[in-house]
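Each position in the sequence shown, counted from 1, maps to that position plus 53 in our numbering.
The structure appears right after this line, and notes come after that.
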Amino acid sequence: MTHTPNDHPTPAPSRNAARLDNGWTVRCVDGPLPGHLAEALAAGGPGVAATVPGTVHTDLLAAGLIDDPYLDDNERLLAWIGRCDWEYRTTFARPAGAAGHDRHELAFDGLDTVAAVALNGVEVGRTANQHRSYRFDVTELLRDGDNELTVRFASPVRHADAQALELGQRPQVNHHPFNAIRKAACNFGWDWGIDAATAGIWRPVRLESWSTARLAAVRALPGADLSGAGPIGLLDVHVDVERADGPTAEQGLEVGVTVRGPDGRRGAASCGSAVTVEPGQRSAVVRLRVPDAELWWPRGYGDQPLYDVEVVLGVARKPSGTAGGAGAGPAGSPDPVPADLPAHAARVPAALDRWNGRTGFRNVALDMTPDDDGTSFTVLVNDRPIWVKGANWIPDDTFFHRVDRARYARRLGQAELANLNLLRVWGGGLYESGDFYAECDERGILVWQDFAFACAAYSEAEPLRGEVEAEARDAVTRLAPHPSLVLWNGSNENIWGYHDWGWKLRLDGRTWGLGYYTDLLPRVVAELDGTRPYTPSSPWSGSLGVHPNDPDHGSMHSWELWNQLDWPHYRDTVPRFMAEFGWQAPPAWSTLRRSVGDVPLTPESPGMQVHQKAMEGNKKLTAGLVPHVPLPDDMDDWHWAMQWNQAVAVRTAVEHLRSWAPRCMGSVVWQFNDCWPVTSWAAVDGDERPKPLLYALAQAHADRLLTVQPRVVEPGGAFVLPGGQASGPGPRGADAAPGASALAVVVVNDTDESWTGDLLVRRLNYAGAELAAATVPFVAAERGTAAVVVPADVATPGDAAAELVVVTSGGLRAVWFFGEPRDSALSAPDLSATARPLEAGRVEVRVTARNLVRDLTLLADKAHPGAVADTALVTLLPGEAATFEVSVPLPGSEEHDRAVTAATGRSRDPESFDPQDLLAPQVLRSLNQLI
């Protein structure tokens, strides 16, 4: 559900809200302030202009006092910022709309993190949790003239260090004890993230003035009843009311709710109801049932109709006792709302407060039923199993306030390009703003939401425990209305860490967070939501008695490949659900050149090392590359080789996992996005540019997919799981000897229509000559798979270094190469290419191959930092052609301005773009160039 603004109640005329985002300054009040900044930032000085919402880092950057933290080694040079205390200050006049109200409160949607708030020299509250919102009563302090508001932030680094000693040191994976402070863990650095511990007023702040009562919390919980002839939309609106002191404190109140149809009009698809909040009571529930509701579906399964919801609080117009009460809904069916009346005009004549949002009707479940193979992990929406095509989401910028609705929209547009249907909001980050979930609601992208715990043991003692519960209540209340949100998860890898990472001896009996994951958090979810499933951690086997990362039980994380093994070994395991796996690569070339100014630029040059945070990251990049292609000596070739390897590694894994449906019911790639320019596992880099991996995901996640997979056939023809376990009925066309290795074509059909046809399976040499062929029919049921064993004469090469298998059906194609590229007869690309400008900043690039060309890719940003191609990783047989469409931002557009800003003199000047630049061999890349 989308709240206005930022999921907080929309002010009605009787409640006045004045944003306090102007006139702020910031100054350093303690800590290791560099001498050359003392005059501008010293405690006794005026400070510099500050932006709210914002952070100290971005304020100092805007003032020209520091260089961009993302460039070169500025991260280390600016570490002093996180070790200082800071004070924000502004003055504001009492708003005219505040006159005559009973109560005046400062409302902070987010403070980062350890803060003391004072108005007119009087402290009104202290905070210690970035993930919470806060309200402070300032009724007795507000003046008619100017009012001075100050927020003093303690150093997050020093506070975390002190709290670690106070609570007792516990295992974690960072050089800062992020587990001792309720702040985004990755803000202290991660194996892909910059260490830039921030402070500031990072979400909006308002002065709210109200009388009689206000809506303290609204939880609109959507659902769907599918048991009858037609779907019934369910909406339970839980309302908490805060009453002002004074003669009106015990007045009867009324809460009215209206739901409007997905087209925004009142009518048959709309309904409304109201309840009375008795004097002395503080809560109520309005339960609505919408007959013949249009169901909300994840993308690829149906539409995403969203219903407008309005909640109005007013003074009761009837004697108390006529309708409901605290904790109860109306006794009968919801009353229809007359179509010619404004919302609840006849019901709540004196509106005190109002809340508006959107929701969608669906039901959700997580099936973790034990079966013959172990324990399933299947997401269901509207009673239908969903094969999850997901990715892990991290904060899109280290400075969280810079991510606005437009940026979320750009990123989620890229998620749609990658054919994703789920994003997992990872527990080392934050609970995103309402804009993120609203975009997911509109696009049909499911959300798996972690609570903010990751890769560490956490104290369960006070004051941390109280903060955790308050934070959880805040998050569940704020996010629960969104139909895209389908799963709550207690933590990232923490139960696994306790089992396997050597924590037990180090903890020596101390609490480590298990009570949060198995008691406190599920209790809060059950109390405040109750409509969605909850898991204690990821990975999760379904029971504390089963190893948390057992591939046969529940969800799994796979990191032994990246850390130790080569990516073809992804095929060695068939989990029930893969929740994390991935491969690294550097960012796009323009991003790399903007952020690293090394001369010469090499994989090991100083700036490259700063922008590689993974333990032995470059060593692992090399180890994962050289079994497939030789290690390049040229930096351009190294960059392309690593990006190619990442894309192919992850594509291999996703196709493997999809080929084993329904035993495996999903994959969630690590990771989708980046928060700064860095070598990482991301598909989209920190400057918002796609890597080839994004296109590999699009291909591997296609609704209809052909993929060639190695298999072992058991007696009777069934395939054998890599561990030796049989996996169901035999495939069509099985002619391999029992126990023998074979090639199989797996037809994956993630649509609502059955897919029938013939597979043309051919073995070719690299010159394109056909050596063997067969035609095999297939039938893939809706949302199902079908497997066809490749006949032995096609699957057996005469020369593994110079032959491949090509499978086609209905315009789709899959290929299988018998040998590694470095051991193959692949020759230099022989291409004919043209670039033709089109209208509206588009360029058509047409490429014809005279020989076999593998994974042809346009690294378009090397020609123009804002240019983006529409596809990548295209394999052409001799004589085939491919067309790429490249979008180039027009001068004056927002995209062009971003490209110009990002160029910084280190990457190609966008003003000098020539479409023919797209044909340069360092732009038009292929695997052939690496052999």
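Ideal Cβ placement from N, Cα and C applies to all residues, glycine included.
Closest in C-alpha terms to T564, from the list H600, I548, R576, V578, comes I548. Bounds of any beta strand (DSSP E) do not take in I548; it lies within the alpha helix (DSSP H) bounded by 547-553. Distance from the CA of G598 to the CA of D425, rounded to the nearest whole angstrom, comes to 18 Å. Annotation: V860 to L618 spans about 29 Å, alpha carbon to alpha carbon. Across the structure, F414 and R629 are spaced so that their CA atoms are roughly 28 Å apart. L538 and Q502 have their C-alpha atoms roughly 7 Å apart.
As the crow flies, the alpha-carbon of C137 is around 43 Å from that of V941. Here the C-alpha atom of D950 lies approximately 8 Å from the C-alpha atom of P944.
About 6 Å separates the CB atoms of W593 and P601; that is less than 8 Å, so the two are in contact. With respect to G872, G443 sits apart: the two C-beta atoms are not nearer than 8 Å. In the structure shown, L90 falls within a helical segment according to DSSP collapsed to helix, strand and coil. Between V343 and A337, the gap from beta carbon to beta carbon reaches 8 Å or more. Going by DSSP, H709 is part of no beta strand (DSSP E) but of the alpha helix (DSSP H) stretching over 688-712.
Under DSSP, R179 takes part in a beta bridge, and its partners are A169.
Rounded to the nearest angstrom, the gap between the Cα atoms of Q637 and A749 is 14 Å. Taking each of L560, P680, D436 in turn and checking the Cα distance to R223, the smallest one comes out for L560. Nearest to A505 by alpha-carbon distance, out of R185, V900, L926, is R185. Look at the beta carbons and you see the stretch 112-123 not touching the stretch 230-237: under three pairs across the two are nearer than 8 Å. In the DSSP assignment, the residues bridged to D424 are G427. In this structure T428 touches G607 by the C-beta definition: roughly 5 Å separates them, less than 8 Å.
Between V362 and T412 the beta-carbon gap is near 6 Å, inside 8 Å, which marks them as a contact. Taking a contact as a CB-CB distance under 8 Å, the pair W263 and S512 does not count as one, their CB atoms being some 37 Å apart. When rounded, the separation of the alpha-carbon atoms in A833 and A881 is 39 Å.
DSSP, read as helix, strand or coil, puts W620 in helix. Counting only unbroken stretches of 3 or more residues, the beta strand (DSSP E) elements lying wholly within the stretch 247-278 are 258-263, 266-278, in sequence order. Short of 6 Å from the beta carbon of V900, and not among the five residues preceding or following it, lie these beta carbons of its own chain, in chain order: L884, A886, A935. Annotation for C137: no alpha helix (DSSP H) segment contains it, and DSSP assigns it neither H nor E. Scanning the stretch 558-619 for uninterrupted alpha helix (DSSP H) segments of 4 residues or longer gives 574-581, 613-616, listed from N- to C-terminal end. Here N75 is exposed. Its C-beta has fewer than 16 other C-beta atoms within 10 Å. Here L73 is not near L194, since their CB atoms are 8 Å or more apart. By the Cβ test, the stretch 487-498 is in contact with the stretch 452-463, since at least three Cβ pairs between them sit closer than 8 Å. When C239, I254, F189, L220 are compared, the shortest CA-CA separation from V204 is found for I254. In the three-state reduction of the DSSP assignment, F452 falls in the coil class, being assigned neither a helical nor a strand state. For A853, the CB contacts under 6 Å within the same chain, skipping 5 residues up- and downstream, are F871, G872 in chain order.
Counting only runs of 3 or more residues that sit fully inside the stretch 301-342, the beta strand (DSSP E) segments are 306-313, 324-330, in chain order.
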